[in-house]
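Protein chains in written order, with this note's numbering: chain A, 10 to 94; chain B, 10 to 94.
All C-beta atoms, glycine included, are put in the ideal place defined by N, C-alpha and C.
Every value quoted in this text rests on a predicted model; they were computed, and no experiment measured them.
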DNA sequence: TTTCATTTGTTCGTATGTATT
DNA sequence: CAATACATACGAACAAATGAA
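Listed below in structure tokens is the structure:
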């Protein structure tokens with residue numbers, strides 16, 4: 010399992026920034042970069058990393074919660090869910 | 010069934026603007042002001058009426074969709090769902 | 001108890017994009 | 001093509017919850 014290529018703002022794929030970021034984060038999770046139960050970097054850190062506004066990054070996280078890949082706990086962090094359980 | 014009192018930005022209740030607006034809109038729906046299958050006023054109109062930013066009004070609508078009270082159809086409008094089916 | 005740092009949550013105002021009619 | 005209506009995205013500021021000091 011190779012590492013997920015860095016996020017490329019100009020890559021082809023889903024039209025919307027938040028969706029591309031969600032896909033990219035999902036791939037990083039699937040690749041084991043963020044294992045089950047681990048905490049993701051903070052929203053603001055991720056927003057900086059992906060070079061988007063906070064709201065846009067939050068949209069991406071929202072997408073991941075919708076897919077059941079993460080759970081968000083206020084003032085605590087965003088955590089990778091364990092497949093199944 | 011009396012009419013829903015006008016929205017009061019300073020009233021007590023849920024702390025968040027979007028939640029108070031969602032509750033207010035839900036009451037208007039329940040009161041029959043917006044009957045099943047009817048279209049709500051546009052987002053911008055409602056944002057003006059409630060004196061909030063567009064994003065905040067949209068957050069309130071999101072809350073209503075979560076409650077199953079409305080469905081949002083892009084470029085068509087926001088429609089009141091029919092209780093049960 | 002109070003304070004502080006950390007992290008997510010809300011709200012604003014604005015601009016631009018996309019889908020439907 | 002134009003009008004309408006919802007959708008995405010930006011940047012900034014402030015609020016609220018949590019836990020540790």
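Asked	Found
How would you label residue 27 of chain A, buried or exposed, when you count the other beta carbons within 10 angstroms and need 16 or more for buried?	buried
Taking just the CA atoms, how far does residue 75 of chain A sit from residue 50 of chain B?	28 Å
Kindly list the residues whose CB is nearer than 8 Å to the CB of residue 84 of chain B, restricted to its own chain and excluding five residues on each side of it in sequence; keep chain order.	none
Cα separation between residue 1 of chain B and residue 40 of chain B?	Absent from the structure is residue 1 of chain B, since the part of chain B shown begins at 10 and ends at 94.
Should residue 94 of chain B go down as buried or exposed, given a rule of 16 or more other Cβ atoms within 10 Å for buried?	Summary for residue 94 of chain B: the model assigns pLDDT 49, below 50, so the residue's position carries little reliability; its value from the coordinates is reported in the next sentence. Its Cβ having fewer than 16 others within 10 Å, residue 94 of chain B is exposed.
So residue 57 of chain A and residue 70 of chain A are supposed to be a Cβ contact under 8 Å. How far apart are they, rounded?	Not confirmed; about 14 Å, so no contact.
Does the separation of the CB atoms of residue 78 of chain B and residue 38 of chain B fall below 8 Å?	yes
Report the partner residues of residue 80 of chain B according to the DSSP bridge assignment.	B:88
Quick check: residue 48 of chain A and residue 87 of chain A, are their CB atoms within less than 8 Å of each other?	yes
In angstroms with no decimal places, state the Cα-to-Cα distance between residue 45 of chain B and residue 43 of chain A.	45 Å
Keeping to the same chain, check which residues put their C-beta closer than 7 Å to that of residue 59 of chain B; ignore five residues upstream and five downstream.	16, 30 and 66
Tell me which residue opens and which closes the alpha helix (DSSP H) that residue 49 of chain B is part of.	Neither: residue 49 of chain B is in no alpha helix (DSSP H) and is coded neither H nor E.
So which of B:24, B:63 and B:55 has the shortest CA-CA distance to residue 34 of chain B?	B:55
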